[in-house]
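What follows is a single structure, written as structure tokens, with notes after it.
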Amino acid sequence: CCFILLVFGGWAAWTVIQQTQASQQAAEDQVREIGRAFAVIGSTAILENLFRFQEALSVYQNNPDIRELEVIDPDSLIVAAKHSERIGTILSDPWWETSRKSGREQFNTFTGQSGESVIVFVGPLYNGREIAAWVRIEYSLSRMQHEVMLAMWRTIGLTLVVILLGFFVIRL
Numbered sequence: 136c137c138f139i140l141l142v143f144g145g146w147a148a149w150t151v152i153q154q155t156q157a158s159q160q161a162a163e164d165q166v167r168e169i170g171r172a173f174a175v176i177g178s179t180a181i182l183e184n185l186f187r188f189q190e191a192l193s194v195y196q197n198n199p200d201i202r203e204l205e206v207i208d209p210d211s212l213i214v215a216a217k218h219s220e221r222i223g224t225i226l227s228d229p230w231w232e233t234s235r236k237s238g239r240e241q242f243n244t245f246t247g248q249s250g251e252s253v254i255v256f257v258g259p260l261y262n263g264r265e266i267a268a269w270v271r272i273e274y275s276l277s278r279m280q281h282e283v284m285l286a287m288w289r290t291i292g293l294t295l296v297v298i299l300l301g302f303f304v305i306r307l
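Quick note on numbering: this note's numbering labels position 28 of the sequence shown as 163, and the sequence is numbered without any gaps.
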């Protein structure tokens, strides 16, 4: 009986851990692909035609997972954003400064002001070999965490059913 409990309990824990890791990786991949799509467009195209670029950001308006999507100039000024009221804001948070000084794309996971987990991606936009701007994406992990919790409860329920069936079969 204890063996069945240990086997299925271990299986349930392993399944939840795998689901969490797969969901986290999928979120990071999605954010990285969005950031790299802007890198392919190139900083010159973005900075020379910010109005069109701002219109292109409307594609992401209906994606609730993308909290912020911004193009930032070398002086830390937001020049294009998913939320247009952020245009003209100067970023000053310490992680942004560290990312900007590194000169390469970076990920960071943190808890936002509302308590939700967020992935932040910062990547350079090049003009030749020089960094002309940056793309910054804040991606909410709350939907992913909700899906993981649902999977965890389903796995726990299935594990309990299998354990109870095992006990029932053993008692017969």
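Note that the Cβ used here is the ideal one computed from N, Cα and C, for glycine as well.
Contact annotation: residue 205 and residue 221 have beta-carbon atoms nearer than 8 Å. Here residue 145 is exposed, its C-beta having fewer than 16 other C-beta atoms within 10 Å. Going by beta carbons, residue 148 and residue 279 fall outside the 8 Å limit. In the three-state DSSP reduction, residue 276 falls in the coil class, being neither helix nor strand. Relative to residue 207, the option among 201, 198, 224 whose CA is nearest is 224.
Apart from the 5 residues on each side of it in sequence, residue 216 sits with its Cβ closer than 6 Å to the Cβ of 205, 222 in its chain, given in chain order. Residue 238 and residue 288 have their C-alpha atoms spaced approximately 42 Å apart. Distance check between residue 235 and each of 307, 259, 138, 198 places 259 closest, using alpha-carbon atoms only.
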